[in-house]
Amino acid sequence: MNRAPHGRHLAFPFHIGPDGRSATPADLTEHVRGELIQLLLTAPGERPFLPSFGAGLRRLVFHQNDDATAGITKALLSRNLSRWLGQRISVQALDVSAIDATLNVDLRYQVIATGEVKQVRFQRQGAM
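Written out as structure tokens, the structure reads:
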């Protein structure tokens, strides 16, 4: 079996592979992306044994969409990315903006182990 130097990890979202075993990510970059999405979408307190884990982007549905929310969101994301994924990624750019009824989160990051630069975008639409 050809094991990657980063070890064996479960795919995110978890699913069973074609061989009947739990699926694994194709490469380290895919694994890091899964970790990033888990961090961004997990609410603080959601994981009993890691209560401070998570950035809670899903909670934004219940917040007013304005510049203050965008600023708080950016600070929260910066802190959590550094704390939980600082050894895996280097944040190249983080932009959080409230435009009309849409909150945009644009993140460009570099996977430290591979040097690949990736980008992810989250949007939340709703009433202001």
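Here my numbering is used: the first residue of the sequence shown is 3, the next is one more, and so on. In this text, a Cβ means the ideal position worked out from N, Cα and C, and glycines have one as well. Just so we're clear, the structure is a prediction, and the values are computed from it rather than from any experiment.
Limits of the unbroken alpha helix (DSSP H) element including Thr71: Counted from its first residue, the sequence shown places residue 71 at position 69. Its alpha helix (DSSP H) spans residues Asp69 to Leu87.
Helix, strand or coil: which one does DSSP assign to Arg126? For this step, residue 126 is matched to residue 124 along the sequence shown. In the structure shown, Arg126 falls within a strand segment according to DSSP collapsed to helix, strand and coil.
Contacts around Thr104, its chain only, beta-carbon distance under 6 Å, and the 5 residues preceding and following it disregarded: As a position in the sequence shown, residue 104 is number 102, starting the count at 1. The residues Gln125 and Gln127, in chain order, have a CB closer than 6 Å to that of Thr104 in the same chain once the five nearest residues on each side in sequence are set aside.
Using a Cβ-Cβ cut-off of 7 Å (strictly less than) and excluding sequence neighbours within five positions of Asp69, which residues of its own chain qualify? For this step, residue 69 is matched to residue 67 along the sequence shown. These residues qualify, in order along the chain: Ala100.
According to DSSP, is Arg90 helix, strand or coil? To locate residue 90, count along the sequence shown from 1; it is residue 88. In the structure shown, Arg90 sits in coil (DSSP, three-state: anything other than H, G, I, E or B).
To the nearest whole angstrom, what separates the beta carbons of Arg110 and Val119, a pair I think is in contact under 8 Å? In the sequence shown, residue 110 corresponds to position 108, counting from 1. In the sequence shown, residue 119 corresponds to position 117, counting from 1. Rounded to the nearest angstrom, the Cβ distance from Arg110 to Val119 is 7 Å, consistent with a contact under 8 Å.
Taking Cβ positions, are Leu43 and Arg60 nearer each other than 8 Å? For the purposes of this step, residue 43 is taken as residue 41 along the sequence shown, with counting starting at 1. For the purposes of this step, residue 60 is taken as residue 58 along the sequence shown, with counting starting at 1. Yes, the pair counts as a contact, with Cβ atoms nearer than the cut-off.
Whole angstroms is fine: what's the gap from Ala115's alpha carbon to Gln121's? Your numbering for residue 115 matches position 113 in the sequence shown. Your numbering for residue 121 matches position 119 in the sequence shown. Rounded to whole angstroms, Ala115 to Gln121 spans 16 Å at the Cα level.
Apart from the five residues on each side of it in sequence, which residues of its chain come closer than 6 Å, Cβ to Cβ, to Val107? Residue mapping note: residue 107 aligns to position 105 of the sequence shown, counting from 1. Here the set comprises Val98 and Phe124.
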